[in-house]
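Accompanying notes for the structure given below.
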Amino acid sequence: MNTNHPNRQRIIIKFISLLSIVRWYNVLIVSLALLLSAIFLLNPSAEYKTTLLNPRLYLEIGSIAFLIMAGFIINAFYDFEKDIINRPEETIFGRIVSKSFCLNTYVLFVFVGLLLAVLVGWKIAVFNFFFSFGLWFYSHKLRKKPFTGEVNAALLTVAPFFSISLMYQSYNLMTVLFVGYIFVLALTREIIKKMIAIKGDLIVGEKSLPIVIGIRKTKYIILVLMLLALGCIGFLYRDVIVLPIVYYFGVAVIAIGLSIFELKKCKIAKDYERINTIYKLLIVFGILSIPLVGKWW
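For the sequence shown, the numbering used here assigns the number 976 to the last residue and increments by one with no breaks.
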């Protein structure tokens, strides 16, 4: 009896499941943004060809990519019980891939990520080690702490851009401010995600922000962060001269305004999903806009 076909099918299904766990689309977006940042922002004096032919750039992007994927794996591992409650149909652990397989993959990805960082340079290796540790520590401990966990998650969202800036020894004030704006968006979304996952948090006994201080006060914090994001846009918009950034900020103001309106109406976890989707898109396009900041600001 030929068993090659079923085995091959299982391997393909397991591979596709792993891609889902590591959020390949998020990793692809960050990798593309890092590449564009290197070309337009961090090394603008060099020709595109010179930057693109630098092997250290791809080692650095590869290192960050593997560490981010490892972070998603370990986060999904620790979130297993909550995901079964909040998203039973989307939970892959136990049904398609085992916990042991994911843990082994996590260790492998961390090893590969840090090895690539060592090949880039010792400063990058040290930074990426702490980045990797931060991803694990967030999943293991910090995500259970109200507000501290959300702040840490937001910092980890923007950390890859500081890593590649370290490689080029290039820092730009306006870029730092723009990354700060992305941080505010990421922090807002992390708190919104806690509102969505409140049922699972209650059942597993996790002390999230809305559970500790209440939904009403948490909504006020979200509102303040939304207004802060609008303030960041107002501050940054004064000096912007490139049309793509102008368009992005215009859409962002409308999107955040709609989110404020939606926030007032939110009653149950599902109501927050719309705001979560809006902020996810704002963060994605904001990250992809980072390379434009230093080039045309």
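Idealized CB from N, CA, C, for every residue including glycine.
According to DSSP, simplified to helix, strand and coil, what is residue i?
{"i": "residue 860", "result": "helix"}
{"i": "residue 688", "result": "helix"}
{"i": "residue 680", "result": "The pLDDT assigned to residue 680 is 48, lower than 50, so where the model puts this residue is not dependable; a value taken from the coordinates is nonetheless given after this. Residue 680 falls in the coil class under three-state DSSP."}
{"i": "residue 842", "result": "helix"}
{"i": "residue 732", "result": "coil"}
{"i": "residue 940", "result": "helix"}
{"i": "residue 742", "result": "helix"}
{"i": "residue 807", "result": "helix"}
{"i": "residue 958", "result": "helix"}
{"i": "residue 947", "result": "coil"}
{"i": "residue 826", "result": "coil"}
{"i": "residue 649", "result": "Beyond the ends of the chain as shown, which are 680 and 976, falls residue 649; an answer cannot be given."}
{"i": "residue 965", "result": "helix"}
{"i": "residue 952", "result": "helix"}
{"i": "residue 710", "result": "helix"}
{"i": "residue 818", "result": "helix"}
{"i": "residue 722", "result": "coil"}
{"i": "residue 851", "result": "coil"}
{"i": "residue 800", "result": "coil"}
{"i": "residue 701", "result": "coil"}
{"i": "residue 834", "result": "helix"}
For residue i versus residue j, is the C-beta spacing smaller than 8 Å?
{"i": "residue 718", "j": "residue 730", "result": "yes"}
{"i": "residue 951", "j": "residue 908", "result": "no"}
{"i": "residue 864", "j": "residue 958", "result": "yes"}
{"i": "residue 850", "j": "residue 832", "result": "no"}
{"i": "residue 802", "j": "residue 738", "result": "no"}
{"i": "residue 829", "j": "residue 873", "result": "yes"}
{"i": "residue 807", "j": "residue 842", "result": "yes"}
{"i": "residue 1038", "j": "residue 904", "result": "Limits of the chain in this structure are 680 at one end and 976 at the other, which puts residue 1038 out of reach."}
{"i": "residue 716", "j": "residue 923", "result": "no"}
{"i": "residue 825", "j": "residue 881", "result": "no"}
{"i": "residue 890", "j": "residue 877", "result": "yes"}
{"i": "residue 722", "j": "residue 847", "result": "yes"}
{"i": "residue 746", "j": "residue 792", "result": "yes"}
{"i": "residue 947", "j": "residue 928", "result": "no"}
{"i": "residue 886", "j": "residue 823", "result": "yes"}
{"i": "residue 875", "j": "residue 781", "result": "no"}
Measuring alpha carbon to alpha carbon, tell me which residue in the options is nearest residue i.
{"i": "residue 930", "options": "903, 841 and 965", "result": "965"}
{"i": "residue 804", "options": "837, 789 and 817", "result": "789"}
{"i": "residue 812", "options": "881, 786, 726 and 910", "result": "786"}
{"i": "residue 944", "options": "827, 902 and 757", "result": "902"}
{"i": "residue 914", "options": "967, 694, 853 and 843", "result": "853"}
{"i": "residue 933", "options": "947, 954 and 946", "result": "954"}
{"i": "residue 752", "options": "733, 740 and 783", "result": "783"}
{"i": "residue 962", "options": "837, 755 and 830", "result": "837"}
{"i": "residue 741", "options": "885, 709, 695 and 935", "result": "709"}
{"i": "residue 814", "options": "824, 748 and 935", "result": "748"}
{"i": "residue 799", "options": "734, 822 and 701", "result": "734"}
{"i": "residue 968", "options": "691, 722, 820 and 714", "result": "714"}
{"i": "residue 942", "options": "923, 970 and 900", "result": "900"}
{"i": "residue 868", "options": "686, 939 and 928", "result": "939"}
{"i": "residue 883", "options": "757, 780 and 736", "result": "757"}
{"i": "residue 858", "options": "834, 956, 910 and 823", "result": "834"}
{"i": "residue 779", "options": "720, 862 and 697", "result": "697"}
{"i": "residue 870", "options": "910, 855 and 827", "result": "827"}
{"i": "residue 960", "options": "691, 687, 689 and 704", "result": "704"}
{"i": "residue 916", "options": "856, 693 and 809", "result": "856"}
{"i": "residue 797", "options": "694, 736 and 894", "result": "736"}
{"i": "residue 839", "options": "690, 949, 727 and 711", "result": "711"}
{"i": "residue 819", "options": "750, 935 and 879", "result": "750"}
Would you say residue i touches the ligand SAH, meaning its beta carbon is less than 7 Å from a heavy atom?
{"i": "residue 694", "result": "Inclusion of the ligand SAH in the displayed structure is not the case, the ligand content being empty and no account of it being possible."}
Counting only runs that start and end within the segment 865-938, where is the alpha helix (DSSP H) found for 4 or more residues in a row? Here the runs fully enclosed are 877-883, 888-892 and 894-916.
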